[in-house]
Amino acid sequence: MLRLLFRLSLVSLAFLILVACDRHQEESLPGVTEVLVPEFGDTFIEASIGDASTLLPVLAADSASSAINGLVYSGLLRYNGQLELEGELAESWEVSDDNRTLTFHLRRDVRWHDGTAFTSSDVKFTYELYIDPEIPTAYAEAFSQVNRIETPDPYTFIAHYDVPYAPALLSWATAVHPRHLLEGTDIIRSPLARHPIGTGPYRFVEWVSGEKIVLEANQDYFEGPPYIKRVVYRIIPDVSTQFLELQTGSLDFMGLTPLQYDRQTDTLAFRRNFNKYRYLSFGYTYLGYNLRRPMFADKLVRQALSYAIDEQELIDGVLLGYGEVATGPYKPDTWVYNPDVRRYHYNPEKARQLLAEAGWQDTTGDGILNKDGQRLAFTIITNQGNDLRIKTGEIIQRRFREIGVDVRLRVVEWATFLKEFINPGNFDATILGWSGGPEPDQYNIWHSSKTAPGQLNFIGFEHPEVDELLERGRRVFDQQQRKEYYDRFQEILAEEQPYTFLYVSEALPAVSRRFRGIEPAPAGIRYNFQHWFVPMAEQKYAR
Amino acid sequence: MLAYLVRRILLLFPLLLGITLISFVVIHLAPGEPTDLQTQMNPQASAELQERLRRHYGLDQPLHVQYGRWLARLAVLDFGESFAGDRRPVLDKILERLPITILINMLSIALILAVAVPLGIISAVRRNSLFDRGTTILVFTGFAMPSFWLALLLMDWFGVRLGLLPISGLKSLGYEYLSFSGQILDRISHLILPVFVSAIGGLAGFSRYMRSNMLEVVRQDYILTARAKGLSEHTVIYKHALRNALLPVITILGLSVPGLIGGSVIFETIFAIPGMGKLFFDGVMMRDYPLIMGVLVMGAVLTLLGNLLADICYALADPRIRQS
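First to last, the sequence lines map onto chains A and B.
If you read the first sequence in numbering that gives the first Met the number 0, its first letter stands for residue 0, the second for the next number, and so on.
If you read the second sequence in numbering that gives the first Met the number 0, its first letter stands for residue 0, the second for the next number, and so on.
See the structure below:
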């Protein structure tokens with residue numbers, strides 16, 4: 000307890016500094032001046048758009064399941080608020096000098112929620128589970144790079160790789176599964192899918208399909224029990240309903256839309272009950288050009304189109320200002336981000352000039368540029384259901400028209416979008432987004448070996464230097480060295496403009512004011528959830 | 000009569016087979032597969048994974064083989080397992096959603112009847128009066144109003160501003176700790192808005208049917224006779240006219256039997272009610288073939304049985320049908 004208190008005061012100090020230097024901070028933060036001793040109790044209620052599919056992490060692929068699994072299970076490693084890997088089930092870990100062996104020293108005081116002791120055999124079992132060809136999991140890729148594993152004693156786990164593989168560390172943040180409950184059973188039909196047993200800060204209580212999932216503080220959690228006693232996930236498929244529930248106080252947390260954040264939560268009542276936060280989320284939206292199309296083969300054309308787009312206008316119009324201009328695949332506040340790449344500030348003159356250089360001129364007088372009898376006209380496709388992308392497309396359409404490029408916008412249902420257009424490479428340009436994480440490896444998206452139908456380099460980007468940089472980047476663990484490779488990688492992308500990188504949007508969560516201990520950091524606000532608490536006097540739910 | 004019945008029941012089987020075949024083919028024609036959620040646009044998913052998953056779900060087999068397997072399972076009333084991550088039996092998934100769907104649909108039909116029948120009668124009796132015109136405008140406004148919009152307005156008004164009713168869900172958070180009467184009250188308060196919203200659209204239809212039937216009936220000679228006998232207007236309307244005017248309405252009610260298990264995606268989504276509509280919709284979006292087929296088969300069986308029931312009733316009432 001003392002240790003926790005100490006940590007808390009340290010943390011509030013760090014918090015003060017953060018508040019001082021982070022311009023993204025809302026003014027109405029919980030007063031850091033009040034000195035509060037964390038207290039146990041109360042319930043945290045949030046809503047999810049969809050029901051979880053399965054609470055067995057190896058089979059789960061949806062965000063609702065992952066959110067719950069994140070609290071019920073733990074991995075060997077996890078990200079802290081500064082997006083650095085830290086030990087969770089592993090007390091410490093070492094990377095061998097040749098970068099090909101990872102050794103994890105496991106905590107000795109960890110028990111599964113049913114009381115069984117956690118050992119390295121659980122980690123071994125988890126690894127075997129992920130590479131088992133019979134298990135339909137989407138996360139086998141990183142584990143398939145492992146050559147062999149060793150468990151010399153119950154608290155040591157060693158993984159050997161044929162070649163150094165930097166994203167491997169992240170893969171060991173995967174939830175560890177309980178061997179004693181799963182070994183020899185039919186995993187796909189395991190009862191654990193509906194009633195998980197993990198090692199995490201919260202243990203499972205009940206799941207009423209389509210209604211709610213309830214978790215409760217794990218009193219034996221190895222880092223000490225979390226303060227908030229219960230967590231309830233209500234399934235509310237409609238965001239307008241969620242917002243109404245938030246206003247009545249039936250929900251304690253919600254990610255707001257820019258419109259809600261900006262226009263609908265500025266009331267006195269809302270400010271009295273909620274704190275709003277904003278921080279850049281991982282992921283960016285882009286306009287990708289199909290490089291197999293002759294008109295996009297010329298770099299000048301792509302650069303011209305980038306000059307013709309006013310990214311700030313998109314952010315102001317589509318995100319109501321809650322976002323930042325993207326210059327590459329990484330978000331601006333991470334270590335790997337390179338700020339010194341070529342930028343394409345809105346400049347229609349320059350755009351026209353570059354297009355003229357590339358041979359595109361309006362010789363027919365119809366307002367549309369042409370070259371060798373072909374008009375500079377193409378179709379941008381995007382998927383249905385993402386309003387932001389459609390609006391983005393409409394604004395871009397108008398800007399392109401101004402420089403004499405005729406663009407049509409086509410919105411297609413997701414499954415059709417992938418099957419008929421993206422996977423076979425049957426498109427001109429597309430507005431899409433990538434979500435990512437702190438791990439900078441972009442091999443699957445940009446390497447020239449990933450251009451086959453159905454793979455992620457669907458725009459057909461091929462660049463020998465990028466290939467080499469990506470290969471090197473995933474073979475070293477040293478951050479400084481990796482940054483060199485990825486800095487150059489970002490420079491090339493900025494110069495080549497295979498995508499016009501558009502914007503990174505902000506996450507805009509609102510949290511009930513009674514919750515304290517929230518410390519905004521590069522990782523957002525949820526990373527230290529187990530340290531959130533409600534002062535006794537403000538606790539709302541007694542049971 | 001018995002021969003007629005047997006013939007009708009035997010005819011159901013090829014019909015059902017045809018329905019399942021067409022449904023099966025159509026849902027497999029839609030682009031996308033259940034594996035897409037896990038594999039598409041996922042940097043961690045490899046090409047082998049896609050193949051492995053397809054094998055796992057049996058999607059690598061030709062369509063007729065898949066249909067044959069599905070049909071063989073259905074023959075022993077096994078709807079198979081859902082393709083969603085939890086792999087639960089489709090039947091379980093449907094059964095846990097049925098009670099609430101049926102409850103809301105029954106309550107909403109009851110509400111519609113309770114309001115629409117008197118409305119229709121009074122409108123007919125006082126034809127072209129201010130009341131008649133007023134209700135016409137009212138019920139058609141209700142009919143034309145998008146239900147999600149009305150729902151949101153009501154939720155905002157009764158839930159947020161007045162704080163009288165819960166906004167969404169079926170039970171309050173502390174439901175387990177309430178007294179028995181408190182639990183009943185809690186349930187009822189959660190049902191008021193959803194039932195009202197789902198009923199309001201149906202008011203127009205029913206009250207108009209009722210009104211036109213009533214108008215039709217009061218023009219009949221036997222009503223004239225009743226009046227000529229010197230019966231009170233009340234007796235004429237409620238005893239002689241109403242019964243005859245209700246008959247066609249009962250037919251329409253019979254036809255809405257399969258509708259009892261069908262939910263509306265829109266209001267289930269808005270009110271966060273885990274009903275059949277949402278289950279089916281999610282199943283379609285995820286291309287969860289066994290689940291889609293399960294819901295469709297249930298709907299088809301109920302529709303066929305409903306029709307059969309209606310036909311039997313007709314047959315009982317009308318000897319001409321029996322003999323043909």
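Note that beta-carbon positions come from the ideal geometry of N, C-alpha and C, so glycine has one too.
Does residue i pass the burial test, meaning 16 or more other C-beta atoms within 10 Å, or should it be called exposed?
i, result
"arginine 210 of chain B", "buried"
"proline 13 of chain B", "exposed"
"serine 27 of chain A", "Low confidence applies to serine 27 of chain A: its pLDDT is 45, below 50, so where it sits in the model is not reliable, and the reading given next is rough at best. Burial call: exposed."
"glycine 229 of chain B", "exposed"
"threonine 125 of chain A", "buried"
"arginine 515 of chain A", "buried"
"glutamine 246 of chain A", "buried"
"lysine 539 of chain A", "exposed"
"tyrosine 343 of chain A", "buried"
"glycine 30 of chain A", "With a pLDDT of 47 at glycine 30 of chain A, under the threshold of 50, the modelled position of that residue is not reliable, and no figure is offered here."
"tyrosine 176 of chain B", "exposed"
Measure from the alpha carbon of residue i to the alpha carbon of each residue in the options, then state which is nearest.
i, options, result
"glycine 201 of chain B", "B/Glu232, B/Ser263 and B/Arg6", "B/Ser263"
"phenylalanine 476 of chain A", "A/Val94, A/Ile517, A/His462 and A/Gly69", "A/Val94"
"histidine 189 of chain B", "B/Ala198, B/Ile103 and B/Leu254", "B/Ile103"
"threonine 333 of chain A", "A/Leu75, A/Asn272, A/Gly197 and A/Pro437", "A/Pro437"
"threonine 284 of chain A", "A/Gly432, A/Leu255 and A/Arg513", "A/Gly432"
"isoleucine 251 of chain B", "B/Ser206, B/Ser178, B/Leu58 and B/Gly31", "B/Ser206"
"leucine 387 of chain A", "A/Tyr278, A/Leu353 and A/Ser504", "A/Ser504"
"glycine 472 of chain A", "A/Ser52, A/Pro166, A/Ala355 and A/Ile67", "A/Pro166"
"serine 208 of chain A", "A/Tyr232, A/Arg110 and A/His159", "A/Tyr232"
"leucine 48 of chain B", "A/Gly69, A/Phe117 and A/Pro135", "A/Pro135"
Just to make sure I have the definition right: I need the residues of chain B whose C-beta is within less than 9 Å of the C-beta of residue i. Which are they?
i, result
"serine 47 of chain A", "What serine 47 of chain A touches in chain B: nothing, since even the nearest Cβ is about 10 Å away."
If I follow the unbroken alpha helix (DSSP H) through residue i, where does it start and stop?
i, result
"alanine 303 of chain A", "298-307"
"tryptophan 334 of chain A", "Here tryptophan 334 of chain A belongs to no alpha helix (DSSP H), and DSSP marks it neither H nor E."
"phenylalanine 532 of chain A", "Unbroken run through phenylalanine 532 of chain A: none, as it is neither H nor E."
"methionine 209 of chain B", "179-217"
"phenylalanine 156 of chain A", "Not the alpha helix (DSSP H): phenylalanine 156 of chain A falls in the beta strand (DSSP E), residues 155-160."
"arginine 351 of chain A", "347-356"
"glutamate 393 of chain A", "386-401"
"glutamate 312 of chain A", "310-317"
Strictly below 8 Å CB to CB, what residues from chain A border residue i?
i, result
"aspartate 35 of chain B", "Ala414 and Leu417"
"glycine 31 of chain B", "Trp413, Ala414, Thr415, Leu417 and Lys418"
"isoleucine 166 of chain B", "Thr240, Leu243, Glu244, Thr247 and Ser249"
"aspartate 155 of chain B", "Leu243"
"arginine 51 of chain B", "Pro132 and Pro135"
"leucine 73 of chain B", "Here the premise fails: no neighbours, minimum Cβ distance about 20 Å."
Identify the continuous beta strand (DSSP E) that holds residue i and give its terminal residues.
i, result
"aspartate 152 of chain A", "145-152"
"asparagine 382 of chain A", "376-382"
"proline 544 of chain A", "Because residue 544 of chain A is not part of the residues shown, which for chain A are 0 to 542, the question remains open."
"asparagine 274 of chain A", "273-275"
"tyrosine 288 of chain A", "283-288"
"isoleucine 44 of chain A", "42-47"
"methionine 285 of chain B", "Looking at the DSSP string, methionine 285 of chain B is not in any beta strand (DSSP E), and its letter there is neither H nor E."
"valine 411 of chain A", "405-411"
"tryptophan 206 of chain A", "201-207"
"phenylalanine 252 of chain A", "252-254"
"glutamate 323 of chain A", "322-324"
By the criterion of Cβ-Cβ separation under 9 Å, what are the contact partners of residue i in chain A?
i, result
"proline 273 of chain B", "Asp50, Val207, Ser208, Gly209, Glu210 and Ile234"
Give me the chain A residues within the contact set of residue i, using Cβ-Cβ distance strictly less than 7 Å, ordered along the chain.
i, result
"glycine 158 of chain B", "Leu243 and Thr247"
"aspartate 85 of chain B", "Ser52, Thr53, Ala192 and Arg193"
"glutamine 39 of chain B", "Leu417"
"threonine 268 of chain B", "Pro236 and Asp237"
Can you name the residues of chain B whose CB is closer than 7 Å to the CB of residue i?
i, result
"arginine 341 of chain A", "Per Cβ cutoff of 7 Å: no residues; arginine 341 of chain A is ~26 Å from chain B at best."
"arginine 512 of chain A", "Correct list: empty, because the minimum Cβ distance to chain B is about 18 Å."
Using the beta-carbon of each residue, which ones in chain B are nearer than 8 Å to residue i?
i, result
"isoleucine 555 of chain A", "Nothing about residue 555 of chain A can be reported from this structure: the residues present for chain A run from 0 to 542 only."
Could you check if residue i belongs to the surroundings of the ligand ATP, using beta carbon to heavy atom distance under 7 Å?
i, result
"glycine 133 of chain B", "The ligand ATP is not part of this structure, which contains no ligands at all."
So with CB distances below 9 Å, who are the chain D contacts of residue i?
i, result
"valine 231 of chain A", "The structure shown contains no chain D; its protein chains are A and B."
Would you list, in sequence order, the uninterrupted alpha helix (DSSP H) runs of no fewer than 4 residues that lie entirely inside the segment 417-505 of chain A? Those alpha helix (DSSP H) runs which fall completely within the segment 417-505 of chain A and span 4+ residues are 442-445, 463-472 and 478-495.
Ignoring anything shorter than 4 residues, give me the alpha helix (DSSP H) runs that lie fully in the segment 112-170 of chain B, in order along the chain. Segments of the alpha helix (DSSP H) lying fully in the segment 112-170 of chain B: 129-143 and 146-153.
Start-end ranges of the beta strand (DSSP E) lying completely within the segment 54-136 of chain A, minimum 3 residues: Counting only runs of 3 or more, we get 76-78, 84-86, 89-94 and 100-105.
Which whole runs of the beta strand (DSSP E) in the segment 185-245 of chain A are 3 residues long or more, in chain order? The segment 185-245 of chain A contains these whole beta strand (DSSP E) runs: 201-207, 211-216 and 229-234.
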